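Heads up: the structure comes next, in structure tokens.
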Amino acid sequence: MAKALLHSYSSLATYPTFPKTQKSPSLQLSKLSEHRATTTSLKEICKNGDLKRAFLSFTSFFANQSPPPFPLDEAYSSILDLCALKKAIEQGQQIHAHILTSNCAFDSAFLSTKLVFMYGKCGAPMEAQKLFDQIPHRTIFTWNAMIGAYVSNGKPYRALQLYREMRMLGVTPDACTFPCILKACAGLIDLQSGAEIHGLAIKCGFGSFLFVANALVAMYAKFNDFNRARQLFDRMVVKEDVVSWNSIISAYSANGQPLEALRLLREMQKGGVSMNSYTAVGVLQACDDPSLIKLGMEIHAAVLKSSLYLHVYEANALVVMYARCGRMDKAARVFNKMDEKDNVSWNSMLSGFVQNELYDKAVGFFHEMQETGQKPDLVSIINIVSALGRLGSLFNGMECHAYAIKHGLHSDLQIGNTLVDMYSKCSCVSYMERVFYNIPDKDLISWTTAIAGYAQNKCYLEALRKFQEVQMKGIKVDELMIGSVLLACSGLRCTSHVKQIHCYIMRRGLFDLVLQNIVLDVYGDCGDIEYASRMFEEMKDKDIVSWTSMISCYVHNGLADEALDLFSDMMHNGIVPDMVSIVSILSGAANLSALRKGKEIHGFLTRRDFGLDGSLASALVDMYARCGTIDSSYKIFNRIRSKDLILWTSMINACGMHGRGKEAIGLFEAMKEANLIPDHVTFLALLYACSHSGLIDEGRRYLELMKNEYQLEPWPEHYACLVDLLGRANRLDEAYKFVKSMPIAPTAVVWCALLGACRVHSNNELGEIAAHKLLELDPENPGNYVLVSNVFASMGKWKDVDEVRMRMKGMGLKKNPACTWIEVGNKVHAFTARDRCHPQTQEIYLKLDQMTEILESEGGYVADTKFVLQNVQEEEKLKMLHGHSERLAIAFGLIGTSEGTPIRITKNLRICGDCHVFTKMVSKFFKREIIMRDANRFHHFNGGVCSCGDFW
DNA sequence: GTAGGGTTAG
């Protein structure tokens, strides 16, 4: 019996190093049986997957017997398999070393193949290759192990190369070769090789092997050839293998067909096949949208029910699913309960925070990760850098950049692209440039990010230059890149560039809906209403964004009337407005002071249960204020529980435009109490409020507060408010000194404020200086020419007036005609000067004559023709004053509204001095409150006085 | 005596 055993063992192993022992046969025999028993027990331990015990057993018995008395192939083999399974490369390397030193068997193709396999599984394909190259007699197992090593380590091309080499040597693949090499074809999306190898598999008779068929289904799914994949799946006779189901379910999931994936899951379960971790992950992938969260939760429940232990892959997929559905709370709960977390778990949470725009939380989590000793890897850095960019945290972003350099991650393309984005979002163009230039192989994303970065940082020309470079280099251009290029065109306000790009995309066939909407939007931004509306008309499939873009285009270009009409059209077309469109149309209603329209929209919001939070509340506050009903603004404002900075700012601004400076200050102080930190815009609203209420000391104090306490560098607009304040108090010299002492160069708005004050206080000398500066700094704004020519006219300098008008004409600029709106009934009525287009025109002029007569006889009104800023006869001047658009609107208001109701009108330019006197008197003698919004502010006329205190 | 197909983060 013992002899037979010895015989069988020695025939199994013909190794040159087989120990030639001097000991007696009986001793030899007992040693051998002990060896056999230990090997058997080791194999058993390995089978159970306990690496620690297996290793202990191996080292304690075999390791210190050098050279080992008997061949250890079986022991090596089973422990190497276990190392491969557990991806335990360190232990694998120890075994490798042991094999080398034991000097027993290394030329065995069998163990070498095992080592190749182990290194492949442990993610060390190069180690595997080194061994593979040294093996002189390769079996099909050896080839398979090496091909597999390449495939499972993301080197499908080398796998295919090796396969071809093998075929050239005349080696015939076996069944196990096919799944591997088919996966390589799938990874390469190499349709031709895939089909060829599919053919060979059939020829070899392996086509219907379950393993092979599963790989084929997966491959065709990867090729997006769903017909073929489904055909192969449906043709499988036995559908009891869960892997087959997993292949097809995952394929549908990955292809954005979640419902089909879930339908197949149900079908599988009905067939009595129960799901495993792969199935769970596959279907969880399908639930990547908040609308599918219910299904996701069902799967979560099913997974919990099927086993007590949550597999890492399953848990990670759950984290990802909840994150994608916007439920970070649930994602965190799964994460916190995980027994075993890997880097994917941490990174999935981190990216979840980023995807859900919780950047602060992402940063906090990143710190937690480091404190726990979890080392950030490439993916972590990509996520955190992206979050820091969005937070504008330049300093922390640079720290991460340093970390990436230190860990050799900075040469990675994705890291480079993310860094470009981060520096761009932190407005750090020079660093952005440096990172961009240092990316060796820039891809489409690198270029797009850089172009977007330039455009967002207002380096429009540089953005266009980069786009030129892209074209010259023949780099691929996609819709996203064009989007950023168009942003640059929009920033330049250059329609001709937009038209060029428009043609470019038409030629290239890049015109998707998003891009069409951007083109429309950009035409609007450039003020080219004609092209915008033509674009809008030509669009076949308009979505809410298209409609909103067109509406905003009208609003921004002073065509609020058209905007309101289009909004109604949109509703009639069954398009349901969203937040953005509502905010935009509210601004349109506000521009026209169309209170009734505004209220209508407000009513719509209430009926539709739109939550009045965020930008919607602010837009309503603004709309009511600009429509003259600041009380309604207050109502909205007071109703919102958690007020954000924008809401407070809107309310402060509302008070400002109504000359309620003290109230604005009160709000500002209350806001500080609520622990909100004011920004530039808040201070602008506050200073604006101070200036319109003549609160000089307060204005000065808040400008200082802004600089010193909040470390905010004032914009020219902030300085302009102070200039306005000083000017209003007729402290013009002080105002001029202030302008000269500004730490930044005064811009057009500052000179404009000074010029306005000079006009009111007839300071000709300073007025001339300001006028020249204004035209020098902003020569393309027709409003400035009008203002300057009016100042010269009021000085009686008609020659200068003519010169300014000539210059304006030479620039091809046209003055905006004066226009006044009034909402009567459900309609906004517009009047221009000496307008005779209104259907009730006769009545209106009759009323106006009557009004003037009463004011002359009872109020002693005498028209002051110095406000007619044209060099014409006196009589003509009187006629002109008489026909000013605001008077026509007031007359119409008196006819069209019942006694005692306030008259609200809106004018696109500043009200003239004579009309101001006239309106004050109307408010007194006709006992009407008149609320007028002009280009600059609100005037509340009541009982013969105006809230502006005669300064505007 | 080996192996082979289906999953997670960007």
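Numbering-wise, the first sequence is residues 515 to 1466 according to the working numbering. Glycine residues also receive a C-beta, built at the ideal position from the N, C-alpha and C atoms. Keep in mind that this is a model prediction, so the values were computed, not measured.
query                                                                                                                                                                               : result
Over what stretch of residues does the alpha helix (DSSP H) that includes C1235 continue unbroken?                                                                                  : 1230-1242
Who are the Cβ neighbours of C1429 in its own chain at under 6 Å, not counting the five residues just before and after it?                                                          : H1398, E1400
From G708 to V685, what distance separates their C-alpha atoms?                                                                                                                     : 19 Å
Please state whether the Cβ-Cβ distance between R1273 and V1305 is less than 8 Å.                                                                                                   : yes
I need the boundaries of the beta strand (DSSP E) containing T1346, first residue and last residue.                                                                                 : 1341-1346
Take S960 as the anchor and find which of E983, Q1354, P687 has the nearest alpha-carbon.                                                                                           : E983
Might you give, ordered along the chain, the residues of its own chain that have their beta carbon closer than 6 Å to the beta carbon of Y1233, omitting 5 neighbours on each side? : M1256, V1264
Please determine if the stretch 1157-1164 and the stretch 1124-1142 are in contact, where contact requires at least 3 C-beta pairs separated by less than 8 Å.                      : yes
Using DSSP with H/G/I as helix, E/B as strand and the rest coil, what is T1334?                                                                                                     : strand
What does a CB cutoff of less than 6 Å around V1459 pick up in its chain, not counting 5 residues either side in sequence?                                                          : none
Buried or exposed for M632, going by 16 or more other Cβ atoms inside 10 Å?                                                                                                         : buried
Select from G1072, L1073, D1035, D1055 the residue whose C-alpha is nearest the C-alpha of T1062.                                                                                   : D1035
Which residues mark the beginning and the end of the beta strand (DSSP E) in which R1153 is found?                                                                                  : No beta strand (DSSP E) holds R1153; the alpha helix (DSSP H) holding it covers 1144-1153.
Rounded to whole angstroms, what's the CA-CA distance from Q536 to D595? Just pull it up for me.                                                                                    : Unreliable placement is indicated for Q536, whose pLDDT of 49 sits below 50; no coordinate value is reported for it.
Indicate whether the contact test is met: 3 or more Cβ pairs, each with one atom in the stretch 800-814 and one in the stretch 822-841, closer than 8 Å.                            : yes
Rounding to the nearest angstrom, what Cα-Cα distance links A689 and A831 in this structure?                                                                                        : 32 Å
Following a CB-centred definition, is N738 positioned closer than 7 Å to any heavy atom of the ligand ZN?                                                                           : Ligands in the displayed structure: none, and consequently the ligand ZN is not present.
State the beta-bridge partners of H1454 as determined by DSSP.                                                                                                                      : I1445
I996: which of S1066, F1025, L975, E1044 sits nearest, CA to CA?                                                                                                                    : F1025
Out of S1095, S865, L773, state which residue places its alpha-carbon closest to the alpha-carbon of L798.                                                                          : L773
Quick check on DSSP: helix, strand or coil for V949?                                                                                                                                : helix
Quick one: what's got a C-beta closer than 6 Å to F880's C-beta in the same chain, skipping five residues either side?                                                              : I898
Touch check for the stretch 1358-1368 and the stretch 1317-1329: three-plus C-beta pairs under 8 Å?                                                                                 : no
If contact is defined by three or more beta carbon pairs under 8 Å, each pair taking one atom from either stretch, is the stretch 1367-1376 in contact with the stretch 1104-1119?  : no
Suppose the cutoff is 7 Å on Cβ atoms and the five residues either side in sequence are ignored; what does the same chain contact list for A1377 look like?                         : L1392, L1395, D1428
Can you look up R1157 in the DSSP assignment and give me helix, strand or coil?                                                                                                     : Correcting the residue type first, residue 1157 is Lys in the shown sequence and not Arg. Coil.
Do the CB positions of Y792 and N741 come within less than 8 Å of each other?                                                                                                       : no
Can you give the beta carbon distance from Y968 to K980, rounded, assuming they're within the 8 Å contact cut?                                                                      : 6 Å
Exposed or buried, which one is H651 when buried takes at least 16 other CB atoms within 10 Å?                                                                                      : exposed
DSSP three-state label for T535, please.                                                                                                                                            : Here the model assigns T535 a pLDDT of 44, short of 50, so the residue's position is not dependable, and the following value carries that caveat. Coil at T535, not helix or strand.
Does DSSP classify C1141 as helix, strand or coil?                                                                                                                                  : coil
With 16 other CB atoms within 10 Å as the buried threshold, where does A1259 fall?                                                                                                  : exposed
Rounded to whole angstroms, how far is the Cβ of R1442 from the Cβ of W1466, which I believe are closer than 8 Å?                                                                   : Not a contact, Cβ separation roughly 20 Å.
Return the bridge partner residues of C942 from the DSSP annotation.                                                                                                                : Answer is none; C942 lacks a bridge partner.
Quick check: what's the CA-CA separation for F620 versus L614?                                                                                                                      : In this predicted model, F620 has a pLDDT of only 49, less than 50, meaning its place in the structure is not dependable; the value taken from the coordinates is given anyway. So the two alpha carbons sit approximately 7 Å from each other.
Taking all protein chains shown into account, decide if K956 is buried (16 or more other Cβ within 10 angstroms of its Cβ) or exposed.                                              : buried
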